[in-house]
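J.: Just so it is clear: in the sequence shown, position 350 is 350 by our numbering, and no numbers are missing.
Backbone N, C-alpha and C define an ideal beta-carbon position, used for all residues, glycine too.
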Amino acid sequence: MSCANLSFSLKNAVFSASLTILVFFALEAKSSHMAGAELSYQYIDADYYKVNYTLYADCSGSLPPASVNMMIRSESCSLNTIYTLSLVPGSEIEISTNCSSSPSTCNGGSSTGYKQLKYTGTILLTEKCNDIVFSVTDCCRNSAITSIISPETQALYVEAYLDNISGPNNSPVFDSKPILVLSAHQINLLSESAIDADGDSLAYSLIAPKNSEITNVNFANGFTAEQFISTETPINFNPENGTISITPSGIETAILAIKVTEFRNGRSIGSTMRDIQMISAGSSNHLPSIQQLDALSSSIYKLCIGDDLIINMSSVDLDAGQQNSIEIYSNITGLSITKSTDLLQKAQIKWKADSTTSTNRNLWIKIIVTDNACPINGVKTYFLEVKVSELNISSTVTNSECAGKNNGSIITGISGNQIVEYSWEHSNSNQSFATNLSAGIYNLSVNNFNGCIVKKTFRITNLETISAEISSISSSCGTANGKAEVLINGGIQPYQCNWSDGINSVDRNDLPKGNYSIEVTDQIGCRISATLTIESQVCDLIDSRFKLFPNPAANQITLKNDYLTSSVTSIIIVDISGKIVYNSEREITDNLMTTIDVSDFSNGIYLVKITTIKESTTLPFVKL
């Protein structure tokens, strides 16, 4: 059987050694210069998995081994075996952040340097188990570590878990190299985020670094898995994305372990872990930063399907003359990234949340800004979450039966199980529906507070229509003889008419000057209303043989005929509204006068209309 194609169908029968002996052979004996490690796996095809082990080592230590031993175990499937992972050619790279003028021990310098080495192997895993664990145990840790007891005697153990009962799986993979050097007395922002190729949900946790499958390291007094280094303020760890904010209080070397667990449909199906050494060093260098990201009130960007994401970034450094560079990592497909060549680099991220974007996936962007300080570069990490949601509104519109019924309605629904806020423009209602609606336009705004604000416009019409056309004739000068005719169309007869002055007939006669309204209701309650104005014809004041005095008058007025002919005369007096207050026929002889008592008239303006066989004359007067 080839080592590169190992099937676990052989189980324990092939490997008669006990678990204790397996652990012994899996433990690599090296100088105490291990700085960290992580383990992950990748599904290839047909039950083949590729397992990747990453080792972080102090460059002043021994030469890296050509291979490492990995243990695979499963209690439910009775698996206990060792497999060899081989060093990937060309994978040995320096990850130190030393400046070029002060090289580390990785490049012939004197300051501590760190390198990354990758080991890999392909295995055939035919068994279906819910408790498969891949693990590598190496010895020993760096003797410079101050947070644990006797570090040079304690092994470094990392593992990755797999549940392949329901199907193949890829473990989470840490998306960037670790930051191994912190600046004391400054806020250091780190991100231990991971990418999951299957889009599963990830949860992060700080765990105690391990010596073996069942034992943890022995912490020195005052240190724990959560408080892994001395700090001026409590360590701030985000279990949703693996970001850590640390303000070290002094110079020391510590270790932390972080576990990333993946969930699919609420079930844990895999995990990975990283165990890493950190040095807190004193430095006069100020850490670089990004101006726009420091000003954010929230590191979460909320978008709706169809929205554009634009992030502009300008690096800032309080140390004059330093050069900053920006690195960007993300699990978002299709990000557009542009960078400037400025000394203090600028960058822009652009992306569109189109219809192919999954609204259930955790999307993120990691930004690392690094200066060129010597001997160690300053580094700060920012982690941004991008949450994309979709809000589709369905609706059922019921039109009003007719004008006046006002029984239209709009009932809406939304996509998914979301908490939303409704806002109707025509009212203060925050309900998902609107009732008792008349014909018209109605606007609705719905906000899901996750980036989507959707606005919809609805139209309510009347199923049955009724109309009224009104024609009118103005009243004559000084009289109340205006007319109004109403033509009703549509609706269901009989009609009920209600005029604003209390009259119930359809057409009107003898209307004085004024404004009128009519409401027409048909048999089923449909209503229509209309208004009209009755005007008064202009009274022509001509040179007349009749004179009126006194004007103004208090008790009586006198009409005088200045011509020699006599005639039978009709005298009508109306008030300003056109109401007749006096009506008489009498003869005014030549050069004679007639007197009319107006003492009972109300104060105001009146018109006296005198009609003879030859002329019609109107004379105004004021009653005091």
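Considering only residues of the segment 327 to 380, which uninterrupted beta strand (DSSP E) runs meet the minimum length of 3 residues and lie entirely inside it, listed in chain order?
T.: 336 to 339, 346 to 352, 363 to 370
J.: Would you mind reading off the limits of the beta strand (DSSP E) that contains residue 79?
T.: 79 to 87
J.: Does DSSP put residue 452 in a helix, a strand or coil?
T.: coil
J.: Output yes or no for whether 9 Å exceeds the beta carbon distance between residue 546 and residue 532.
T.: no
J.: Within 10 angstroms of its Cβ, does residue 159 collect 16 or more other Cβ (buried), or is it exposed?
T.: buried
J.: Excluding sequence positions up to five away, which residues of its chain have a Cβ less than 7 Å from the Cβ of residue 481?
T.: 475, 510
J.: Is there contact between the segment 243 to 263 and the segment 196 to 215, where contact requires at least three CB pairs shorter than 8 Å?
T.: yes
J.: DSSP puts residue 495 in a beta bridge; with which residues?
T.: DSSP output for residue 495 lists no bridge partner at all.
J.: Could you tell me whether the Cβ atoms of residue 359 and residue 394 are closer together than 9 Å?
T.: no
J.: For the beta strand (DSSP E) containing residue 510, name the first residue and the last one.
T.: For residue 510, the enclosing beta strand (DSSP E) has its first and last residue at 508 to 511.
J.: Among the residues of its own chain, which have a CB less than 6 Å from the CB of residue 571, if the five just before and after it don't count?
T.: 584, 610
J.: If you compare alpha carbons, which of 448, 413, 447, 103 is closest to residue 434?
T.: The shortest C-alpha separation from residue 434 is found at 413.
J.: Are the CB atoms of residue 556 and residue 605 within a distance shorter than 9 Å?
T.: no
J.: Between the Cα of residue 436 and those of 424, 409, 314, spot the shortest distance and give me the residue it belongs to.
T.: 409
J.: Give me, in chain order, the residues of the same chain whose beta-carbon lies closer than 6 Å to that of residue 154; leave out the 5 immediate sequence neighbours on both sides.
T.: So the list reads 141, 211, 217, once near-sequence residues are dropped.
J.: Do the segment 117 to 130 and the segment 164 to 174 meet, that is, are 3 or more Cβ pairs less than 8 Å apart?
T.: yes
J.: For residue 126, which of helix, strand or coil comes out of DSSP?
T.: coil
J.: For residue 403 versus residue 465, is the C-beta distance shorter than 9 Å?
T.: Yes, the pair counts as a contact, with Cβ atoms nearer than the cut-off.
J.: Just how far apart, CA to CA, sit residue 712 and residue 313?
T.: This structure cannot speak to residue 712, because the chain is shown only from 1 to 624.
J.: What residues are listed by DSSP as bridge partners for residue 585?
T.: 570
J.: What would DSSP say about residue 592, mapped onto helix, strand or coil?
T.: Residue 592 falls in the coil class under three-state DSSP.
J.: Consult DSSP for residue 597 and reduce its assignment to one of helix, strand or coil.
T.: For residue 597, the three-state secondary structure derived from DSSP is strand.
J.: What is the DSSP secondary structure of residue 175, counted as helix, strand or coil?
T.: Residue 175: coil per DSSP, three-state reduction.
J.: Leaving aside the five residues before and after residue 274 along the sequence, list all residues of the same chain whose C-beta is less than 6 Å from its C-beta, in chain order.
T.: 38, 174, 258
J.: Under 8 Å by Cβ, that's how I've got residue 219 and residue 148 pegged, so tell me the actual separation to the nearest angstrom.
T.: 6 Å
J.: Go ahead and pull the three-state DSSP assignment for residue 152.
T.: Helix, per DSSP.
J.: On the DSSP bridge list, what partners appear for residue 39?
T.: In DSSP, residue 39 forms a bridge with 53, 273.
J.: What residues in its chain sit with their C-beta under 6 Å from that of residue 471, if we drop five residues either side in the sequence?
T.: 485
J.: Cα separation between residue 25 and residue 86?
T.: The predicted position of residue 25 is uncertain, since its pLDDT is 33 and thus under 50; a value taken from the coordinates is nonetheless stated next. Residue 25 and residue 86: Cα-Cα distance of roughly 16 Å.
J.: Among the residues of its own chain, which have a CB less than 7 Å from the CB of residue 282, if the five just before and after it don't count?
T.: 184, 251
J.: Flag this pair as touching only if the segment 287 to 297 and the segment 313 to 323 have three or more C-beta atom pairs under 8 Å; answer yes or no.
T.: yes
J.: What is the rounded straight-line gap between the Cα of residue 634 and the Cα of residue 342?
T.: The structure shown has nothing for residue 634, since the chain only spans 1 to 624.
J.: Quick check: the Cα distance between residue 114 and residue 43, rounded to an integer number of angstroms?
T.: 30 Å
J.: Using the three-state DSSP reduction, which class does residue 431 fall into: helix, strand or coil?
T.: coil
J.: Measuring alpha carbon to alpha carbon, tell me which of 369, 306, 362 ends up nearest residue 323.
T.: 369
J.: When you compare each of 463, 301, 620 to residue 551 by their alpha carbons, which one comes out closest?
T.: It is 620.
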